[in-house]
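Participant: Dropping the structure in here first, questions after.
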Amino acid sequence: MFRKIHQRSTFLRHHTRKICKGPENVKTLELTNGLRVVTERIESPLACVNLFAKVGSRFENYDTNGISHFIEHMAFKGFTSMNSQAVACQLNDLEAKITSMTTREFQVFSAVCPSKSAGDIVSLLTKIVTELELSDQEMDCERDVIQHEMQNLDMNPREIMFDYLHETAFQGTPLANRVVGPSRNVNKFNRDCALYFMKNHYKPTRLLFTAAGDVSSDTIVDAASRHIGSTEYEGKAEFSPCRFTSSQVRFRDDSMPFAHISLAFEAPGYKSLDYLPLLVAKNYIGSWHKSQGGSHRHASDAVRAVATCNLCELLESFYIAHSDVGLWGVYFVVPNMNIENVIYIIQNMWMHLCFTITKNDVERAVNITKLELARRIEGVVNSAFDIGIQIMLKNERTPLTNMYQDLSRIDPKTIKAVAEASIYDKPLVTAAVGPTEELPDYNRLQAGQYWLRL
């Protein structure tokens, strides 16, 4: 028994290295081939284990757009060492629940299980990148599933609008690609195409294991190294910057009861120092839905105005932060005849953000932001996911206490400086779906982005 433990500790000492310093309950290690493992020790009967991969529509081209999402669907449809029924039986024996997700910049396979089963879950997740079978029969079945999923997405005006927003804001770049890809690509994907993509993109340097719960770091590292540790080191994933294009796109459909519209600006990415100030600015604008009560007492002036005058159904400030670039703006659902009034209110709030925001406004927005950040790490599932997001997008995990300290230093001067740099008289991008007849043209919208000051 002692010999086995000694051999394991010797292997970990010689084949891993600590790559960053953090809280004592968080350990970040990197194998010699570039595979990273981050664990957070939390007293919990359950553990969450995630396998992150730096793949997605940003790493795809015209012919391969949608292949990452297709591979996600094939992940648990059978491995070379076990079929799909055996996979389902093993998950049942481990009492684990599996979910997966693909975005523009990363993919994640997540498992929630009893803490004692974490090592076995890691072994199962590694089979996705080392033993995926990709049988023709299963691929044909998943092709039909994806086509049905695409039809459902096309009936969701919010999803369509945000896809259009990315397509027009980053036109001609990989960030414009939809995650699910076009149907022409889904119909032609085959085993050879998927294997070629996996060989070139699912490399150890682009993979990350995160775990949160009552799990040992050595257990996760040992399980990961047994299956992926022998793979040779290759260069880290890189991508070229995606240029922002100021533009407007509309999909007019007068049969729809409401227009779904977003106005956005180019914003810094997740790893920028301006990320937190812009997150505070987003929470200052706030969000509102017509079903909420007490709207006439809402702290946000924009929300109070649209609510008391019954101008729209939904108003939501957003900040979509990719690794090196982002989109900051407002999304709203509005009847056709109220579009101009809502836009006028929003742009006035933006100008107030740039020049006349007060200390009380900033303190309120900072408190909301602190709550939002705290919710991101609440429980083992959220914590493991947050670790993965931070490592994948900025290569480090910032503790919540450090972010709270940074937030406490934000004052009106900081918000005004960031808002003037990102919002005031800056190029605007607009996407709209529905009855958009009353939506002003681009030049009129851009003219509302500055005040004449004497």
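Taking the working numbering, I'd label the letters of the sequence shown as residues 383 to 836. All C-beta atoms, glycine included, are put in the ideal place defined by N, C-alpha and C. Quick caveat, the model's predicted, so the values are computed rather than measured.
Return helix, strand or coil for Glu515, following the three-state DSSP convention.
Facilitator: Position 133 of the sequence shown, counting from 1, holds the residue named residue 515. Glu515: coil per DSSP, three-state reduction.
Participant: Excluding sequence positions up to five away, which residues of its chain have a Cβ less than 6 Å from the Cβ of Asn432?
Facilitator: Position 50 of the sequence shown holds residue 432. Closer than 6 Å at Cβ, skipping near neighbours: Val490, Ser492, Thr592, Ala766 and Gly770.
Participant: Roughly how many angstroms separate the alpha carbons of Asp475 and Thr587, rounded to a whole number?
Facilitator: As a working note, residue 475 is residue 93 in the sequence shown. As a working note, residue 587 is residue 205 in the sequence shown. Asp475 and Thr587: Cα-Cα distance of roughly 31 Å.
Participant: For a quick check, are the C-beta atoms of Val715 and Ala641 less than 9 Å apart?
Facilitator: Within the sequence shown, the letter at position 333 stands for residue 715. Within the sequence shown, the letter at position 259 stands for residue 641. Cβ distance < 9 Å, so Val715 and Ala641 count as in contact.
Participant: Note the first and the last residue of the continuous beta strand (DSSP E) segment covering Trp732.
Facilitator: Taking the first residue of the sequence shown as position 1, residue 732 is located at position 350. Premise fails: Trp732 lies in the alpha helix (DSSP H), Ile721 to Phe737, not in any beta strand (DSSP E).
Participant: With 16 other CB atoms within 10 Å as the buried threshold, where does Tyr657 fall?
Facilitator: In the sequence shown, residue 657 corresponds to position 275, counting from 1. Answer is buried; the Cβ neighbour count reaches 16.
Participant: Using a Cβ-Cβ cut-off of 6 Å (strictly less than) and excluding sequence neighbours within five positions of Glu515, which residues of its own chain qualify?
Facilitator: Here the question's residue 515 lines up with position 133 in the sequence shown. So the qualifying residues of the chain are Gly460, Phe461 and Thr462.
Participant: What do you get for Lys741, buried or exposed, if any count of 16 or more other CB atoms within 10 angstroms of its CB means buried?
Facilitator: Residue 741 sits at position 359 when you count from the first residue of the sequence shown. Classification of Lys741: exposed, given that the 10 Å Cβ count is below 16.
Participant: Quick test of the definition: if touching needs 3 or more C-beta pairs under 8 Å, does the region 595-605 touch the region 513-527?
Facilitator: The region 595-605, when compared against the region 513-527, does not touch it at the 8 Å Cβ threshold.
Participant: Find the nearest neighbour of Gly675 within the set Asn567, Asp788 and Thr690, judged by alpha-carbon distance.
Facilitator: For the purposes of this step, residue 675 is taken as the residue at position 293 of the sequence shown. Answer by Cα proximity: Thr690.
Participant: Grouping DSSP H, G and I as helix and E and B as strand, with all else coil, what is Asn567?
Facilitator: Taking the sequence shown and counting its residues from 1, the one referred to as residue 567 is at position 185. Reduced to three states, the DSSP call for Asn567 is helix.
Participant: Give the DSSP bridge partners of Val420, in chain order.
Facilitator: Stepping through the sequence shown from its first residue, residue 420 is reached at position 38. According to DSSP, which records beta bridges pairwise, Val420 is partnered with Thr410 and Thr592.
Participant: If you measure between the beta carbons of Asn443 and Arg560, is that distance less than 9 Å?
Facilitator: Position 61 of the sequence shown, counting from 1, holds the residue named residue 443. Position 178 of the sequence shown, counting from 1, holds the residue named residue 560. Against a cut-off of 9 Å, the Cβ pair of Arg560 and Asn443 comes out as no contact.
Participant: What residue ranges within the region 435-497 form continuous alpha helix (DSSP H) runs of no fewer than 4 residues, ordered along the chain?
Facilitator: Runs of the alpha helix (DSSP H) inside the region 435-497: 449-456 and 466-475.
Participant: Near Pro809, which residues of its chain fall below 6 Å by C-beta distance, leaving aside the five closest residues on each side in sequence?
Facilitator: As a working mapping, residue 809 is identified with position 427 in the sequence shown. These residues qualify, in order along the chain: Ser628.
Participant: Helix, strand or coil for Val811 per DSSP?
Facilitator: One-based indexing of the sequence shown puts residue 811 at position 429. If DSSP states are grouped into helix, strand and coil, Val811 belongs with the strands.
Participant: I need the DSSP call for Gly770, collapsed to helix, strand or coil.
Facilitator: Translated into positions along the sequence shown, residue 770 becomes position 388. Three-state DSSP puts Gly770 in a helix.
Participant: Quick one: grab the DSSP three-state call for Leu836.
Facilitator: Working through the sequence shown from its first residue, we reach residue 836 at position 454. Confidence is the limiting factor: at Leu836 the pLDDT is only 46, short of 50, which leaves the residue's position unreliable and the question unanswerable from this model.
Participant: From Leu473, Thr485, Thr484 and Glu531, pick the residue whose C-alpha is nearest to that of Ser505; which is it?
Facilitator: As a first step, residue 505 is located in the sequence shown; it is residue number 123 there, counting from the start. Comparing Cα-Cα distances from Ser505 to each of Leu473, Thr485, Thr484 and Glu531, the minimum goes to Leu473.
Participant: Rounding to the nearest angstrom, what Cα-Cα distance links Met774 and Val437 in this structure?
Facilitator: Along the sequence shown, one-based indexing puts residue 774 at 392. Along the sequence shown, one-based indexing puts residue 437 at 55. Between Met774 and Val437, the C-alpha separation is close to 10 Å.
Participant: Residues in the same chain with beta-carbon distance under 7 Å from Thr555, minus the five sequence neighbours each way, listed in chain order, please.
Facilitator: Your numbering for residue 555 matches position 173 in the sequence shown. So the list reads Cys624 and Arg625, once near-sequence residues are dropped.
Participant: Which residue from Gly816, Leu417, Glu454 and Val469 puts its Cα closest to that of Ser482?
Facilitator: Here the question's residue 482 lines up with position 100 in the sequence shown. Nearest option by C-alpha distance: Glu454.
Participant: Could you check if Glu819 is buried or exposed, using at least 16 other CB atoms within 10 Å of its CB as the buried criterion?
Facilitator: Reading the sequence shown from its first residue, position 437 is the one you call residue 819. Looking at its Cβ environment, which holds fewer than 16 other Cβ atoms inside 10 Å, Glu819 is exposed.
Participant: Give a yes or no on whether the C-beta atoms belonging to Gly711 and Ala646 are separated by under 9 Å.
Facilitator: Here residue 711 refers to the residue found at position 329 when the sequence shown is read from its first residue. Here residue 646 refers to the residue found at position 264 when the sequence shown is read from its first residue. Yes, the Cβ-Cβ distance between Gly711 and Ala646 is below 9 Å.
Participant: Looking at the unbroken alpha helix (DSSP H) that takes in Ile602, where does it start and where does it end?
Facilitator: Residue 602 sits at position 220 when you count from the first residue of the sequence shown. Looking at the DSSP string, the run of the alpha helix (DSSP H) that includes Ile602 is Ser599 to Ile610.
Participant: On the DSSP bridge list, what partners appear for Gln630?
Facilitator: One-based indexing of the sequence shown puts residue 630 at position 248. Paired residues: Thr812.
Participant: Can the beta-carbon of Ser439 be found closer than 9 Å to that of His583?
Facilitator: Against the sequence shown, residue 439 aligns to sequence position 57. Against the sequence shown, residue 583 aligns to sequence position 201. No, the Cβ-Cβ distance between Ser439 and His583 is not below 9 Å.
Participant: Per DSSP, what kind of secondary structure is Gln828 in: helix, strand or coil?
Facilitator: Residue numbering aside, residue 828 sits at position 446 when the sequence shown is read from its first letter. Reduced to three states, the DSSP call for Gln828 is helix.
Participant: Am I right that Thr508 and Ile602 are in contact with their C-beta atoms under 8 Å? What's the rounded C-beta distance?
Facilitator: Numbered from 1 along the sequence shown, position 126 holds the residue referred to as residue 508. Numbered from 1 along the sequence shown, position 220 holds the residue referred to as residue 602. Incorrect: roughly 11 Å between the Cβ atoms, too far for contact.
Participant: Is it the case that the Cβ atoms of Glu695 and Pro659 are separated by a distance below 9 Å?
Facilitator: Taking the sequence shown and counting its residues from 1, the one referred to as residue 695 is at position 313. Taking the sequence shown and counting its residues from 1, the one referred to as residue 659 is at position 277. No, the Cβ-Cβ distance between Glu695 and Pro659 is not below 9 Å.
Participant: Determine the burial state of Gln529: buried for a count of at least 16 other Cβ atoms within 10 Å of its Cβ, exposed for fewer.
Facilitator: Residue numbering aside, residue 529 sits at position 147 when the sequence shown is read from its first letter. Label assigned to Gln529: exposed.
Participant: Where Tyr713 and Cys471 are concerned, what is the direct C-alpha to C-alpha distance, given to the nearest angstrom?
Facilitator: Translated into the one-based positions of the sequence shown, residue 713 becomes position 331. Translated into the one-based positions of the sequence shown, residue 471 becomes position 89. Taking the straight line joining both Cα atoms gives about 44 Å.
Participant: Looking only at its chain, what residues have a beta carbon closer than 8 Å to the beta carbon of Met719, apart from the 5 residues adjacent to it on each side?
Facilitator: For the purposes of this step, residue 719 is taken as the residue at position 337 of the sequence shown. These residues qualify, in order along the chain: Glu820.
Participant: Given a cut-off of 9 Å, decide if Ser426 and Val762 are closer than it, judged by their beta-carbon atoms.
Facilitator: Working through the sequence shown from its first residue, we reach residue 762 at position 380. Working through the sequence shown from its first residue, we reach residue 426 at position 44. Cβ distance < 9 Å, so Val762 and Ser426 count as in contact.
Participant: Would Ala435 pass as an interface residue toward chain C - the criterion being a Cβ-Cβ separation below 9 Å?
Facilitator: This model lacks chain C altogether; it includes just one protein chain.
Participant: Under a Cβ-count criterion, where at least 16 other Cβ atoms within 10 Å of its own Cβ denotes burial, should Glu406 be classed as buried or exposed?
Facilitator: In the sequence shown, residue 406 corresponds to position 24, counting from 1. Counting Cβ neighbours within 10 Å, Glu406 comes out exposed, since fewer than 16 surround it.
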